[in-house]
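Worksheet: the structure to be examined is printed underneath.
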Amino acid sequence: QAVSGRCLGNGNTSLQKLATSIVFFFCLSDVSCNSVEQKIYVELNNTVPCVRLLNATHQIGCQSSISGDTGVIHVLESESDLEWPLSKGPNPPYMVLLESSLFTRSIMMKMKNESNRVAGVAVVVPNTSPPEFSPHTTCPNENTGVYSDNYGPNLAHCNTTVWNPLGNGLSYEEFDFPVFSLKEDNETEFIKQCYLDHNRAVNGSDPQYPLCAMQLFSHMHAVTNTPTCMRRNDINFSINPEMVCDPLGDYNVWGSIRPYNDTVFGHKENESVVIAAARLDSRAFFWEVSTGAEGSISGFVTLLAAAQALREVTHKAPPTRNILFAFFQGETFDYIGSSRMVYDMENGKFVIDLDNVHSILEIGQVALHSGTNLFLHSDPVSRRNNTVNDENLVNNLQSSTTGLSFLLVEPNVSQPLPPSSLQRFLRAQPIPGIVLADHESAFNNRYYESFYDNAANLNLTYPSDFSPEEQLEFVTETAKSLTDVATVVARALYKQAEGDKSLVNTIKADPKIVTQMLYGFLVSSNNSWFQAVMAPELKNILSDAPEYYVGVAMSSTPTRLVQYLLANLTGAATNLTQSQCQKPDELPNESRQMYSYLWVQGVVPPNSTQRDSFCVRASVRLTKAVSPAFELGEYASKDYSTWTESRWKFIKARIFLVASRDLEMLTLGAGVAVLFTSLLVTYFISTKADVLFSSTREPASAAY
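Residue 1 is where the sequence shown starts when you use the UniProt record's numbering, and the numbers rise one by one after that.
Laid out in structure tokens, this is it:
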């Protein structure tokens, strides 16, 4: 028996070697060795999820179950077609695929109310925009501005002016099923064809198995509200703690005509500062697809162009007052950036304080003005109480339109300030301020805070036969219009800062710079001009058009782009080497406390492959744009933004064919039967091994 056992073992080893050789041979022969999963599922690569956000009291957004949600695909063709997934269809739950024209509040709320029959939603985003769409609220940031029961109560909550009447509020709803967006491409056509081949009811009969199904994974770790998720962050005792949410935040970008020592904070005696502000961020219903063309880019591009237009004249004849350019991040989410700068000013953590602020000019949405007017919005409460004097700033703006094709006028009716960073300054202290915008009352922007607020919304078009480099240089009508606005802003700021009046009309913005910025921020940041003004280590952030959701990853692409553009447009090129640029304090007459030093790639000269890199000296800085609520640990604050973003493990979408329930149960039953049969056979062979595998020695004298 021992010999027999040893011989059996040797035979198994030989068989294992043979099997291994066969598998290895087939793999080398290009025979597919894909996993079973790859043969069953078709992964969808061009999807973007809706994610969960939280504030002091609520959670909004979307999520899947922890193992993903699966449903039979149903292509929604009209609102009346909802009857099939919500009540009539025999194979719930359903994964509803709908065109963007059907992505309405009415349809989404009906599916939300019947979520036991809806596994998820996939929205096909077309290459062209609908007539109008805004998933934001009708009254943006209504609870964190200046107007309240204690300040202009009749103006609070958009009682007199509804700024975003097209807002359907979808971005602030909570959906307990996943919602993904799909591009209008081959993947989407494949899904639709799968639906037509397997799921579409024919002649009133129910579709037959197998059915085409979709599975969406977007499970969110955070729940309930920000205080809850931040508390869970703090009580994690594991060796490798897992955070469940992160505060929304980034960095503000600011620069000034005259530099400030960035180590000396607080009040500056005999210092008066005019602040010129714009916001950097935007948002959309889906995560990280916000484009913000009119909502934010039109404003900060105008301000960047105005800053460049002031460089020469302020060097030639410096104004009495300083001018500080501020670009705020996170303004969409209850004014994160501006409230943080105000907080820092109030608490001696910024280079100036609120008492140093003479006045504020904010550039809002300015690209869609119809007719010949732009509008100057001010706070009626402070003006009525004579606590501030906006007239000087209004006059300086209105008198700066000489030679231009439009006028600056004040609204005909008494109304509150539109949603703006200026409101956060007014909450802290009465300060003269104006918001420049292209709308008198309700926004002209039909796509406020949506993925349709893109280059097409600004009518940013280029000749079809132009190369990317030619498009970069092509001065569009939109660029010409914003150049005029930037010229007015620059002139008004110089007047407000008490500059030399005889030089005002020499101030003109450059249309080439404006058109290059519009192309870089809305079409492709990976262009020759942006490459030249960026640091070598940041060249990888240049790709297609950036997205402008503030997010939780500090120092986003828009922040870095604006930082380097502002430095190049207002600073000076130096003769410092790269090592000197990195350690300027070792040189006389250079100080990192007064200036920032940025080593940029520079242009590629003709007939050369090497860039002419150089060092830029500029009074441009980054400061935190994280809500003071998280500095103070006041996660339920009513004074500051409390927005957080949930963490998740992974985001994934895929489709596959699903068999009928009966067939699945039959297959399971057959598998279980085979398993138990195998166990019985194995047990029988094991117990009878001495009989089945015994060998009988034959007599030595046997003869044949």
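Glycine residues also receive a C-beta, built at the ideal position from the N, C-alpha and C atoms.
Using a threshold of 8 Å, state whether the C-beta atoms of Val-125 and Gln-563 are closer than that.
Your numbering for residue 125 matches position 125 in the sequence shown. Your numbering for residue 563 matches position 563 in the sequence shown. No, they are not a contact pair.
Give the C-beta separation of Ser-525 and Pro-546 to the nearest angstrom, bearing in mind that I take them to be a contact with Cβ-Cβ under 8 Å.
The count along the sequence shown starts at 1 and reaches residue 525 at position 525. The count along the sequence shown starts at 1 and reaches residue 546 at position 546. Right, the Cβ-Cβ distance comes to about 6 Å (below 8 Å), so this counts as a contact.
Contact defined as beta carbons within less than 8 Å: I believe Gly-118 pairs with Trp-287. What is the distance between those atoms, to the nearest angstrom?
By 1-based counting over the sequence shown, the position of residue 118 is 118. By 1-based counting over the sequence shown, the position of residue 287 is 287. Position check: residue 118 holds Val in this sequence, whereas Gly was assumed. Contact doesn't hold; Cβ gap of about 20 Å is too wide.
So, are the CB atoms of Ser-619 and Ser-256 less than 8 Å apart?
If you number the sequence shown from 1, residue 619 lands on position 619. If you number the sequence shown from 1, residue 256 lands on position 256. Yes, these two residues count as a Cβ contact at 8 Å.
Taking the alpha helix (DSSP H) that His-198 falls in, what are its first and last residues?
Taking the first residue of the sequence shown as 1, we reach residue 198 at position 198. His-198: member of the alpha helix (DSSP H) spanning 186 to 198, first to last residue.
Based on DSSP bridge pairs, tell me the residues matched to Leu-98.
Locating residue 98 in the sequence shown gives position 98, counting from the first residue. For Leu-98, which the question treats as bridged, DSSP gives the partners Leu-76 and Val-123.
If you measure between the beta carbons of Asp-281 and Val-523, is that distance less than 8 Å?
Residue 281 sits at position 281 when you count from the first residue of the sequence shown. Residue 523 sits at position 523 when you count from the first residue of the sequence shown. No, Cβ-Cβ distance for Asp-281 and Val-523 is not below 8 Å.
So, with DSSP's three-state summary, where would you put Tyr-251?
Position 251 of the sequence shown, counting from 1, holds the residue named residue 251. Tyr-251 falls in the strand class under three-state DSSP.
Exposed or buried, His-315, counting other C-beta atoms within 10 Å across all chains shown (16 or more means buried)?
Here residue 315 is taken as the residue at index 315 of the sequence shown, counted from 1. It counts as exposed.
Buried or exposed for Asn-356, please, with buried defined as at least 16 other CB atoms from any protein chain shown within 10 angstroms of its CB.
Walking along the sequence shown from the start, residue 356 turns up at place 356. Buried, because 16 or more other Cβ atoms sit within 10 Å of the Cβ of Asn-356.
DSSP three-state call for Asp-500: helix, strand or coil?
For the purposes of this step, residue 500 is taken as the residue at position 500 of the sequence shown. If DSSP states are grouped into helix, strand and coil, Asp-500 belongs with coil.
Out of curiosity, what's the CA-to-CA distance linking Val-264 and Asn-347?
Taking the sequence shown and counting its residues from 1, one reaches residue 264 at position 264. Taking the sequence shown and counting its residues from 1, one reaches residue 347 at position 347. Distance between the alpha carbons of Val-264 and Asn-347 is about 13 Å.
Hey, would you say Phe-328 sits closer than 8 Å to Ala-629, going by beta carbons?
Residue mapping note: residue 328 aligns to position 328 of the sequence shown, counting from 1. Residue mapping note: residue 629 aligns to position 629 of the sequence shown, counting from 1. For Phe-328 and Ala-629, no; Cβs fall outside 8 Å.
Got a sec? Which residues, its chain only, sit under 7 Å from Ser-101 by beta carbon, not counting five neighbours each side?
For the purposes of this step, residue 101 is taken as residue 101 along the sequence shown, with counting starting at 1. Hits under 7 Å: Pro-130.
Are the region 437 to 448 and the region 361 to 378 in contact at 8 Å, needing three or more beta carbon pairs?
yes
Would you kindly report the start and end of the unbroken beta strand (DSSP E) that includes Ile-275?
For this step, residue 275 is matched to residue 275 along the sequence shown. Looking at the DSSP string, the run of the beta strand (DSSP E) that includes Ile-275 is 273 to 279.
Quick one: is Asn-261 buried, meaning 16 or more other Cβ sit within 10 Å of its Cβ, or exposed?
One-based indexing of the sequence shown puts residue 261 at position 261. So Asn-261 ends up on the exposed side.
Pick helix, strand or coil for His-377, following the three-state DSSP scheme.
Here residue 377 refers to the residue found at position 377 when the sequence shown is read from its first residue. His-377 falls in the strand class under three-state DSSP.
Which residue wins for smallest C-alpha separation from Leu-458, given the options Ser-467, Glu-470, Asn-444 and Glu-469?
Taking the first residue of the sequence shown as position 1, residue 458 is located at position 458. Shortest Cα-Cα distance from Leu-458 to any of Ser-467, Glu-470, Asn-444 and Glu-469 involves Asn-444.
May I ask you to list the residues that DSSP assigns as paired with Phe-180?
Locating residue 180 in the sequence shown gives position 180, counting from the first residue. Looking at the DSSP assignment, Phe-180 forms a beta bridge with Pro-49 and Ala-122.
Let me know the secondary structure DSSP gives Asp-690 once reduced to three states.
Mapped onto the sequence shown, residue 690 falls at position 690. Helix, per DSSP.
Can you give, in chain order, each stretch of the beta strand (DSSP E) that sits fully within the region 600 to 631 and has at least 3 residues?
614 to 618 and 620 to 626
CA-CA distance, Asn-154 and Leu-426?
Locating residue 154 in the sequence shown gives position 154, counting from the first residue. Locating residue 426 in the sequence shown gives position 426, counting from the first residue. Asn-154 and Leu-426: Cα-Cα distance of roughly 17 Å.
If you drop the 5 nearest sequence neighbours on each side, which residues of the same chain put their C-beta closer than 8 Å to that of Gly-9?
For this step, residue 9 is matched to residue 9 along the sequence shown. A caution first: Gly-9 carries a pLDDT of 41, below 50, which makes its placement in the model too unreliable to give a value.
Any beta-carbon of chain B closer than 8 Å to the one on Gly-152?
Looking at the structure shown, chain B is missing, and only one protein chain is on hand.
Alpha carbon to alpha carbon, what distance is there between Pro-227 and Thr-402?
One-based indexing of the sequence shown puts residue 402 at position 402. One-based indexing of the sequence shown puts residue 227 at position 227. Those two C-alpha atoms are separated by around 53 Å.
I need the DSSP call for Tyr-564, collapsed to helix, strand or coil.
Within the sequence shown, numbered from 1, the residue matching residue 564 stands at position 564. Correct three-state label for Tyr-564: helix.
Looking at C-alpha atoms only, which residue of His-136, Asn-159, Met-230 and Leu-324 is the closest neighbour of Gly-292?
Indexing the sequence shown from 1 puts residue 292 at position 292. Nearest of His-136, Asn-159, Met-230 and Leu-324 to Gly-292, Cα basis: His-136.
Cα separation between Ala-479 and Lys-638?
As a first step, residue 479 must be located in the sequence shown, where it is residue number 479. As a first step, residue 638 must be located in the sequence shown, where it is residue number 638. Their backbone Cα atoms lie some 40 Å apart in a straight line.
Tell me, to the nearest whole angstrom, how far the beta carbon of Ala-572 is from that of Ala-306; I am working on the premise that it is less than 8 Å.
Within the sequence shown, residue 572 is the residue found at index 572, counting from 1. Within the sequence shown, residue 306 is the residue found at index 306, counting from 1. Not quite, the Cβ-Cβ distance comes to about 18 Å (not below 8 Å), so this is no contact.
Alpha carbon to alpha carbon, what distance is there between Val-475 and Lys-652?
Position 652 of the sequence shown, counted from the first residue, corresponds to residue 652. Position 475 of the sequence shown, counted from the first residue, corresponds to residue 475. If I take the Cα positions, the gap works out to 41 Å.
Answer yes or no: the CB of Ser-579 versus the heavy atoms of the ligand PLP, is any distance below 7 Å?
The ligand PLP is not among the ligands present in this structure, which contains no ligands whatsoever.
Look up Ile-352 in the DSSP assignment and say whether it is helix, strand or coil.
Position 352 of the sequence shown, counted from the first residue, corresponds to residue 352. In this structure, Ile-352 counts as coil in the three-state DSSP scheme.
Write down every uninterrupted run of the alpha helix (DSSP H) in the region 381 to 419 whose length is 4 residues or greater and which is fully enclosed by it, in chain order.
Counting whole runs of 4 or more residues, the region 381 to 419 contains the alpha helix (DSSP H) stretches 391 to 398.
Does Tyr-683 pass the burial test, meaning 16 or more other C-beta atoms within 10 Å, or should it be called exposed?
Residue 683 sits at position 683 when you count from the first residue of the sequence shown. By the neighbour-count criterion, in which 16 or more other beta carbons inside 10 Å mark a residue as buried, Tyr-683 falls on the exposed side.
In whole angstroms, give me the CA-to-CA distance for Val-223 and Ser-115.
Position 223 of the sequence shown, counted from the start, is the residue given in the question as residue 223. Position 115 of the sequence shown, counted from the start, is the residue given in the question as residue 115. So the alpha carbons of these two residues sit roughly 18 Å apart.
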